[in-house]
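Below: one structure, written as structure tokens.
In full-length UniProt numbering, the protein residues as written are 1 to 226.
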């Protein structure tokens, strides 16, 4: 039975799953070249050794990963800090286009830390909604008061329901996947962690395209519909 190369390509692309638009055409071209040259291709999932897993997920150890929470994320990424030390990223994301509108990186997640980020927000229309989890910093009197003074309506996730935070959860997953995990960075300096996060957010907002935004970056999409 003869199977057309086009059929084989379609099968391969379908097995890959979701492919980012900027990579799709290159993926198809690579598949064509491999079939034409008789080169066997196999799409496989990434693999981390037990040692790598320990570095990433070992609580109380260097390089401990603590998944971020919505719009006020606590997220130790990767650092060479002493055991038990975390680097936190608090990002506020505009759900309309997925743009990170403000963010702060620090070594202590307390009320002052999240208030610093909140106070960096540009002037917003009355009645904007700010969503967060039920962490103590977000339920604190000072934070709730600051939110109210800005004319913002506070919204909070249900307990133990990360899906309520899907937008920011997805952003932080993307950040880690496309930087630290992709490059295998499990040990580095605090300064390098901060640099990587800040550079990625600039790239994410201005360059990285998204299918749901008609293959535009968040900033491009906002400017396009303005």
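Every residue, glycine too, gets a C-beta built ideally from N, C-alpha and C.
Nearest-angstrom Cα separation, counted from residue 127 out to residue 187: For the purposes of this step, residue 187 is taken as residue 187 along the chain shown, with counting starting at 1. For the purposes of this step, residue 127 is taken as residue 127 along the chain shown, with counting starting at 1. Looking at the two C-alpha atoms, the distance is approximately 43 Å.
Three-state secondary structure assigned by DSSP to residue 177: The sequence position of residue 177 within the chain shown is 177, counting from 1. Correct three-state label for residue 177: helix.
Inter-residue spacing [alpha-carbon to alpha-carbon] between residue 192 and residue 38: Counting from one through the chain shown, the residue named residue 192 turns up at place 192. Counting from one through the chain shown, the residue named residue 38 turns up at place 38. C-alpha separation (whole angstroms): 43 Å.
Three-state secondary structure (DSSP) of residue 206: For this step, residue 206 is matched to residue 206 along the chain shown. Looking at residue 206 - three-state DSSP - the assignment turns out to be helix.
Neighbour-count burial assignment, residue 91, 16 or more Cβ in a 10 Å radius: By one-based count along the chain shown, residue 91 stands at place 91. Buried, because 16 or more other Cβ atoms sit within 10 Å of the Cβ of residue 91.
Segment limits, alpha helix (DSSP H) that includes residue 149: As a first step, residue 149 is located in the chain shown; it is residue number 149 there, counting from the start. Unbroken alpha helix (DSSP H) run through residue 149: 141-149.
Cβ neighbour criterion (16 or more within 10 Å) applied to residue 87: Along the chain shown, read from residue 1 onward, the residue named residue 87 stands at position 87. So residue 87 ends up on the buried side.
Segment limits, beta strand (DSSP E) that includes residue 238: Because the chain is modelled from 1 through 226, residue 238 falls outside the range shown and cannot be assessed.
Continuous beta strand (DSSP E) stretch holding residue 103: start and end: Position 103 of the chain shown, counted from the first residue, corresponds to residue 103. It spans 99-106 - the beta strand (DSSP E) in which residue 103 sits, taken as one unbroken run.
The segment 143-161 / the segment 172-188 touching (three or more Cβ pairs under 8 Å): no
Collapsed DSSP secondary structure at residue 118 in the structure displayed: Along the chain shown, read from residue 1 onward, the residue named residue 118 stands at position 118. Note: residue 118 maps to helix in three-state DSSP.
For residue 152, three-class secondary structure by DSSP: Within the chain shown, residue 152 is the residue found at index 152, counting from 1. DSSP places residue 152 in coil when its eight states are reduced to three.
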